[in-house]
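Undergrad: Here it is, the structure, as structure tokens.
There are 2 protein chains.
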Amino acid sequence: MPAIGSRTLSTTPRAVPGASRNTRPTRATAPAKPPAPRPPRAAEPADVLVVGAGIVGAAIAWRAAAAGLTVTLLDPEPGDGATHAAAGMLAPAAESTPGEDAAAALHRAAADAWPAFAAELTAASGVDVGLRTSGTVLLAHDSGDRRTLHDDVARHRAAGLPTVDLDLEEAAGLAPFVGPLVTAAAHVGSDHQVDPRATHRALLAALDATGRATLVRASADRVTTVQGAVVGVVDDAGRAHRAHRTVLAAGVATTALAASLGAATAPLLPLRGVVGQTLRLQADPWLRLPTVLRGLVQGREVYVVPREPAEDGRYEIVVGATTEETPDDRRPRAGGTFALLRDARVLVPALDECVLLDVTQRARPTTPDLLPLVGESGVPGLLVAAGHHRNGVLHAPLTADAVVALLTGGTLPAVLVPADPRRFAPAPRPRRRPAPLAAAGLWASRDGAPAQR
Amino acid sequence: MPAIGSRTLSTTPRAVPGASRNTRPTRATAPAKPPAPRPPRAAEPADVLVVGAGIVGAAIAWRAAAAGLTVTLLDPEPGDGATHAAAGMLAPAAESTPGEDAAAALHRAAADAWPAFAAELTAASGVDVGLRTSGTVLLAHDSGDRRTLHDDVARHRAAGLPTVDLDLEEAAGLAPFVGPLVTAAAHVGSDHQVDPRATHRALLAALDATGRATLVRASADRVTTVQGAVVGVVDDAGRAHRAHRTVLAAGVATTALAASLGAATAPLLPLRGVVGQTLRLQADPWLRLPTVLRGLVQGREVYVVPREPAEDGRYEIVVGATTEETPDDRRPRAGGTFALLRDARVLVPALDECVLLDVTQRARPTTPDLLPLVGESGVPGLLVAAGHHRNGVLHAPLTADAVVALLTGGTLPAVLVPADPRRFAPAPRPRRRPAPLAAAGLWASRDGAPAQR
Chain A
1 MPAIGSRTLS TTPRAVPGAS RNTRPTRATA PAKPPAPRPP RAAEPADVLV VGAGIVGAAI
61 AWRAAAAGLT VTLLDPEPGD GATHAAAGML APAAESTPGE DAAAALHRAA ADAWPAFAAE
121 LTAASGVDVG LRTSGTVLLA HDSGDRRTLH DDVARHRAAG LPTVDLDLEE AAGLAPFVGP
181 LVTAAAHVGS DHQVDPRATH RALLAALDAT GRATLVRASA DRVTTVQGAV VGVVDDAGRA
241 HRAHRTVLAA GVATTALAAS LGAATAPLLP LRGVVGQTLR LQADPWLRLP TVLRGLVQGR
301 EVYVVPREPA EDGRYEIVVG ATTEETPDDR RPRAGGTFAL LRDARVLVPA LDECVLLDVT
361 QRARPTTPDL LPLVGESGVP GLLVAAGHHR NGVLHAPLTA DAVVALLTGG TLPAVLVPAD
421 PRRFAPAPRP RRRPAPLAAA GLWASRDGAP AQR
Chain B
1 MPAIGSRTLS TTPRAVPGAS RNTRPTRATA PAKPPAPRPP RAAEPADVLV VGAGIVGAAI
61 AWRAAAAGLT VTLLDPEPGD GATHAAAGML APAAESTPGE DAAAALHRAA ADAWPAFAAE
121 LTAASGVDVG LRTSGTVLLA HDSGDRRTLH DDVARHRAAG LPTVDLDLEE AAGLAPFVGP
181 LVTAAAHVGS DHQVDPRATH RALLAALDAT GRATLVRASA DRVTTVQGAV VGVVDDAGRA
241 HRAHRTVLAA GVATTALAAS LGAATAPLLP LRGVVGQTLR LQADPWLRLP TVLRGLVQGR
301 EVYVVPREPA EDGRYEIVVG ATTEETPDDR RPRAGGTFAL LRDARVLVPA LDECVLLDVT
361 QRARPTTPDL LPLVGESGVP GLLVAAGHHR NGVLHAPLTA DAVVALLTGG TLPAVLVPAD
421 PRRFAPAPRP RRRPAPLAAA GLWASRDGAP AQR
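The following block contains the structure:
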């Protein structure tokens with residue numbers, strides 16, 4: 001069945017309901033560049049179908065198209081998942097937990113990929129993605145928070161990261177509006193920020209400029225195969241989208257899409273949504289806040305991420321994030337908003353004076369071992385790039401380049417081996433010996449080695 | 001100049017930008033009633049021009065049209081002022097302050113007018129306005145709050161109001177989810193609620209059904225006169241709207257509109273905006289909250305107003321309100337949202353589980369003596385109905401009937417004499433003896449007698 005309902009790329013990150021329905025695919029807007037090849041006609045398979053246009057899927061689509069592949073990118077509401085809530089911290093140090101060495105190495109590699117990626121993306125799109133490399137100030141409130149802070153500083157330094165203790169006067173120099181209930185501080189030189197919504201806009205613009213991509217605003221319903229190989233998906237209107245390779249980058253929905261292959265074939269990709277709420281505030285210029293703040297307040301984590309000021313000097317601040325093991329529900333709970341404001345105003349009491357612009361709640365796609373799923377699925381023609389939990393923005397460049405390497409005949413970098421999507425596949429087992437934990441996806445490999453199929 | 005850009009009535013309470021421009025007036029949709037007279041052609045003066053379609057202006061317009069007058073109602077965004085933020089408490093007891101006897105009598109008269117008004121409005125519009133007469137439970141937190149609560153109960157009882165102390169078990173019976181930090185309670189039998197947004201929708205529908213009214217979505221720019229008598233207004237596009245009588249019900253904007261008559265003629269109508277923020281939450285059915293709660297938490301007032309459940313059992317809760325002497329700014333501050341949530345969850349901790357639907361901030365039009373401005377302005381052809389501070393919803397029926405009485409040859413009820421708009425006019429004064437306080441509108445009559453002009 002030919003794909004219909006597709007449209008040329010748009011830089012609008014939010015879906016316009018109904019706007020894309022029943023229009024025929026047309027050629028992407030020509031960029032101010034040498035003539036690009038036409039996108040494939042609907043009846044021709046694309047080189048790559050990327051399912052999911054969050055920051056990860058959009059980054060894969062752009063890098064694949066920039067590498068010369070024809071791309072179809074499928075999403076009913078591009079960028080309206082976890083990307084829309086994300087604060088955009090690039091925090092390889094602060095996001096690393098004791099004992100999670102594979103994750104720590106992966107976060108560092110992901111952070112290293114960002115500066116070049118941001119520069120190329122801005123050059124390709126003309127959009128400033130808001131990369132700020134002024135580091136992060138860690139703040140602690142009570143005695144337990146101070147203990148955790150000092151442990152973190154020691155761990156960062158042992159790992160060779162440029163983290164240093166600050167006395168409160170030094171902290172006030174870096175973050176002048178820190179409040180009197182903050183009792184300890186440190187500076188993390190490795191942890192920066194980028195604006196995820198701006199990055200997503202840039203990705204769609206850069207993708208459009210390649211002239212090799214089609215964005216289809218539709219939801220994938222199931223994966224289709226021919227002779228055991230994946231050949232694309234069918235969307236929720238019954239339209240087929242065909243490609244030589246299919247990449248599932250659909251966040252939590254990746255699990256159900258993979259399962260649509262049927263129990264005998266489907267790869268086991270255990271993802272659940274971990275719901276998080278972020279707030280967007282608007283600050284007046286007098287509230288100088290030149291760097292990212294991450295605080296521990298009575299054991300609860302909270303962050304305050306200031307964006308670049310607009311021309312009038314006002315700027316946006318992202319406060320986050322709650323962590324709730326609830327069903328994927330985009331309606332923020334009042335208790336979450338309250339808790340974020342309560343803890344954030346311990347760090348910066350003057351946040352009270354900021355305008356509350358927006359409360360956003362989305363689910364983070366999360367695996368049992370907190371490592372992402374990046375690479376071959378084990379089913380011919382099907383790749384996976386999902387499950388980045390709190391770090392989808394951090395990981396998008398590394399993931400995109402790794403997936404495009406696989407699509408163009410290369411291999412995954414070694415640092416991504418622990419993220420092999422096949423690690424949750426049940427091990428071969430004797431007959432009549434059920435392995436219910438593994439079958440339910442509760443077993444998690446933490447040693448970094450993918451499980452044997 | 002003939003009025004253009006007007007349109008027939010709409011029940012949409014929010015403005016659709018540009019939707020009403022450049023359309024010619026047409027006949028209002030015929031109600032299922034005997035044929036009504038045509039609305040006046042643009043070139044004919046209406047009997048009444050009401051400037052401002054908040055709950056007060058819309059109520060005046062409906063009652064005037066129902067009394068047989070032709071009406072033009074002018075507002076760029078009907079119902080999007082204080083009406084949009086209001087919780088809709090009809091609280092003659094709780095809104096009365098010691099020593100404010102004129103206000104207390106006015107609040108009681110206003111509350112008495114509501115049941116018949118609501119019944120007529122629902123009959124005329126087919127819209128349920130959400131009048132709930134289950135009373136209000138007062139709650140106190142600390143020792144100071146308890147003292148205030150007990151003083152309030154004594155004052156209500158001295159005024160003959162049906163307020164009774166509750167022990168905490170009785171309070172839990174009326175409001176099962178009240179939290180453990182509440183230490184005293186009372187039931188106020190006189191204080192109820194209505195849904196202001198539903199009431200506003202009902203008013204526009206009922207007005208439409210009269211067939212005698214035209215709603216013009218435009219902003220009044222200045223009042224126009226012929227030989228010293230007001231004959232209407234000119235809107236911000238330069239179009240004239242003419243009427244035999246003009247009623248300013250434009251909230252804070254009333255002051256500037258009156259001043260547009262020029263220093264020699266203009267009535268002094270000192271209104272300022274007192275900004276308030278309200279939150280709208282959505283509760284699941286398990287959170288039983290059958291009555292309005294008003295709390296004092298460390299001296300701060302907070303209320304929790306549950307609406308009627310929808311068919312699925314979920315219902316809206318309004319939490320309010322901040323009181324800020326800041327410029328009229330519709331952008332809510334994070335500190336206000338935080339304070340409302342902090343205090344409301346002392347009353348009902350389970351509010352944490354509710355969805356945060358909406359944060360709304362609007363200015364309450366407020367006079368120096370906190371009494372409204374209702375009646376003749378002192379300039380021929382010009383009446384005023386504004387300045388209802390926290391009680392615009394409570395006062396709308398009484399105010400509407402009083403203004404329509406004046407428009408149809410009657411007089412103001414005695415209880416509204418203290419609200420005479422002429423009370424702020426400077427007293428006659430000897431030459432060369434300036435009276436700067438009075439001229440600046442800072443002098444406030446509190447004895448209930450209007451000042452002599």
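Residue numbers (UniProt numbering), protein chains in the order written: chain A, 1 to 453; chain B, 1 to 453. Cβ coordinates follow ideal geometry from the N, Cα and C atoms, glycine included.
At least one CB of chain B closer than 8 Å to the CB of A334/A: is that the case?
TA: Along the first sequence, read from residue 1 onward, the residue named residue 334/A stands at position 334. Taking Cβ atoms only, chain B reaches closer than 8 Å to A334/A, which makes this a yes.
Undergrad: Output yes or no for whether 8 Å exceeds the beta carbon distance between V305/B and L281/B.
TA: Residue mapping note: residue 305/B aligns to position 305 of the second sequence, counting from 1. Residue mapping note: residue 281/B aligns to position 281 of the second sequence, counting from 1. No, the pair does not count as a contact, with Cβ atoms beyond the cut-off.
Undergrad: Is it buried or exposed for A263/A, if we count other Cβ within 10 angstroms and need 16 for buried?
TA: Sequence index remark: in the first sequence, residue 263/A carries index 263 (1-based). So A263/A ends up on the exposed side.
Undergrad: Which chain B residues sit within Cβ distance under 9 Å of D352/A?
TA: Along the first sequence, read from residue 1 onward, the residue named residue 352/A stands at position 352. Within 9 Å Cβ-Cβ: R333, A334, G335, G336, F338, A339.
Undergrad: Can you find a C-beta in chain A that's less than 8 Å from the C-beta of L398/B?
TA: As a first step, residue 398/B must be located in the second sequence, where it is residue number 398. Judged by the 8 Å Cβ criterion, L398/B is not in contact with chain A.
Undergrad: Determine, for V302/B, whether the minimum Cβ-Cβ distance to residues of chain A falls below 8 Å.
TA: Here residue 302/B corresponds to residue number 302 of the second sequence, with the count starting at 1. With 8 Å as the cut-off, V302/B does not count as an interface residue toward chain A.
Undergrad: Three or more C-beta pairs under 8 Å: does that hold for the segment 128-142 of chain B against the segment 287-303 of chain B?
TA: Touching, yes, given that three or more Cβ pairs across the two stretches are closer than 8 Å.
Undergrad: Pull up the DSSP beta-bridge partners for G211/A, would you.
TA: Residue numbering aside, residue 211/A sits at position 211 when the first sequence is read from its first letter. BP columns for G211/A are empty, so no partner.
Undergrad: Go to D145/A, then tell me how far its alpha helix (DSSP H) extends in each direction, as first and last residue.
TA: Reading the first sequence from its first residue, position 145 is the one you call residue 145/A. Element bounds for D145/A: 143-158.
Undergrad: Between which residues of its own chain and A110/B is the CB-CB distance below 6 Å, once the five residues before and five after are set aside?
TA: What you label residue 110/B is simply residue 110 of the second sequence in a count that begins at 1. If we look at A110/B and ignore the five residues flanking it on each side, its Cβ neighbours are L394, H395, L398.
Undergrad: So what's residue 458/B in DSSP terms, helix, strand or just coil?
TA: Because residue 458/B is not part of the residues shown, which for chain B are 1 to 453, the question remains open.
Undergrad: Answer with buried or exposed for P180/A, where buried requires no fewer than 16 other C-beta atoms within 10 angstroms of its C-beta.
TA: By 1-based counting over the first sequence, the position of residue 180/A is 180. It is exposed - the Cβ of P180/A has fewer than 16 other Cβ atoms within 10 Å.
Undergrad: Taking 8 Å as the cut-off, decide whether the C-beta atoms of G336/A and T322/A are in contact.
TA: Within the first sequence, residue 336/A is the residue found at index 336, counting from 1. Within the first sequence, residue 322/A is the residue found at index 322, counting from 1. Result yes, Cβ atoms of G336/A and T322/A sit closer than 8 Å.
Undergrad: Starting from the C-beta of L248/A, find all residues in its chain whose C-beta is less than 6 Å away, skip the five residues before and the five after it, and write them out in chain order.
TA: Position 248 of the first sequence holds residue 248/A. If we look at L248/A and ignore the five residues flanking it on each side, its Cβ neighbours are V51, T254, L257, V384.
Undergrad: Given a limit of 8 Å on CB to CB distance, which residues of the segment 260-282 of chain B reach chain A?
TA: The segment 260-282 of chain B vs chain A, Cβ under 8 Å: L279, L281, Q282.
Undergrad: Between the Cα of E316/A and those of D195/A, V153/A, G299/A, spot the shortest distance and give me the residue it belongs to.
TA: For the purposes of this step, residue 316/A is taken as the residue at position 316 of the first sequence. The shortest Cα separation from E316/A among D195/A, V153/A, G299/A belongs to D195/A.
Undergrad: Output the distance between the C-alpha atoms of G251/A and G387/A, rounded to the nearest integer angstrom.
TA: Taking the first residue of the first sequence as 1, we reach residue 251/A at position 251. Taking the first residue of the first sequence as 1, we reach residue 387/A at position 387. Whole-angstrom Cα-Cα distance: 6 Å.
Undergrad: Mind checking if V359/A is an interface residue toward chain B, Cβ cutoff 8 Å exclusive?
TA: Along the first sequence, read from residue 1 onward, the residue named residue 359/A stands at position 359. Yes, contact with chain B.
Undergrad: Tell me which residues share the same chain as P365/A and place their Cβ nearer than 6 Å to its Cβ, disregarding the 5 neighbours each side in the sequence.
TA: On the first sequence, residue 365/A is found 365 positions in, with the first residue counted as 1. For P365/A, where only same-chain residues beyond five positions count, the Cβ hits under 6 Å are G251, V252, L271, A386, G387.
Undergrad: Use the C-beta contact count for Q361/B: other C-beta atoms within 10 angstroms, 16 or more gives buried, fewer gives exposed.
TA: In the second sequence, residue 361/B corresponds to position 361, counting from 1. Buried, because 16 or more other Cβ atoms sit within 10 Å of the Cβ of Q361/B.
Undergrad: Please state whether DSSP places V404/A in a helix, a strand or coil.
TA: The count along the first sequence starts at 1 and reaches residue 404/A at position 404. Residue state, collapsed to three classes: helix.
Undergrad: Does R362/A come within less than 8 Å of chain B when only Cβ atoms are used?
TA: If you number the first sequence from 1, residue 362/A lands on position 362. For R362/A, the answer is no, since every Cβ of chain B falls outside 8 Å of its Cβ.
Undergrad: Taking 8 Å as the CB-CB cut-off, is R345/A touching chain B?
TA: On the first sequence, position 345 is the one that residue 345/A refers to. Judged by the 8 Å Cβ criterion, R345/A is in contact with chain B.
Undergrad: Have a look at R155/A, A218/A, G392/A, D128/A and flag the residue whose alpha-carbon is nearest the alpha-carbon of L370/A.
TA: Working through the first sequence from its first residue, we reach residue 370/A at position 370. Of R155/A, A218/A, G392/A, D128/A, the residue nearest in Cα terms is G392/A.
Undergrad: Count the other C-beta atoms from every protein chain shown that fall within 10 angstroms of the C-beta of A116/A, then say buried if there are 16 or more, exposed otherwise.
TA: Here the question's residue 116/A lines up with position 116 in the first sequence. So A116/A ends up on the exposed side.
Undergrad: Are the beta-carbon atoms of A185/B and L121/B separated by less than 8 Å?
TA: Taking the second sequence and counting its residues from 1, the one referred to as residue 185/B is at position 185. Taking the second sequence and counting its residues from 1, the one referred to as residue 121/B is at position 121. No, the pair does not count as a contact, with Cβ atoms beyond the cut-off.
Undergrad: Helix, strand or coil for T133/B per DSSP?
TA: Taking the second sequence and counting its residues from 1, one reaches residue 133/B at position 133. Coil, per DSSP.
Undergrad: Output needed for A202/B: all residues of its chain with C-beta closer than 6 Å, excluding positions within five of it in sequence on either side, in chain order.
TA: Here residue 202/B refers to the residue found at position 202 when the second sequence is read from its first residue. The answer, listed in chain order, is L121, S125, V127, V129.
Undergrad: To the nearest angstrom, report how far apart G381/A and G232/A are at their CA atoms.
TA: For this step, residue 381/A is matched to residue 381 along the first sequence. For this step, residue 232/A is matched to residue 232 along the first sequence. The alpha-carbon atoms of G381/A and G232/A are separated by roughly 9 Å.
Undergrad: Taking only three categories from DSSP, how would you classify R331/A?
TA: Sequence index remark: in the first sequence, residue 331/A carries index 331 (1-based). DSSP places R331/A in coil when its eight states are reduced to three.
Undergrad: To which residues does DSSP link I60/B through a beta bridge?
TA: Here residue 60/B refers to the residue found at position 60 when the second sequence is read from its first residue. Beta-bridge pairing links I60/B to no other residue.
Undergrad: Which residues, taken in chain order from the segment 174-191 of chain B, show a beta carbon closer than 7 Å to some beta carbon of chain A?
TA: Answer in chain order: no residues at all.
Undergrad: Is there a Cβ of chain A sitting closer than 8 Å to that of R342/B, yes or no?
TA: The residue you call residue 342/B lines up with position 342 of the second sequence. Chain A contact via Cβ: present.
Undergrad: Spell out the partners DSSP gives R280/B in its beta bridges.
TA: On the second sequence, position 280 is the one that residue 280/B refers to. V318/B, D358/B, per the DSSP bridge assignment.
Undergrad: Does L356/A get closer than 8 Å to chain B when you measure Cβ to Cβ?
TA: Taking the first residue of the first sequence as 1, we reach residue 356/A at position 356. It does: the Cβ of L356/A has a partner Cβ on chain B nearer than 8 Å.
Undergrad: Which residue comes first and which comes last in the beta strand (DSSP E) that contains E376/B?
TA: The residue labelled residue 376/B in the question sits at position 376 within the second sequence. Note, E376/B: beta strand (DSSP E), 373-376.
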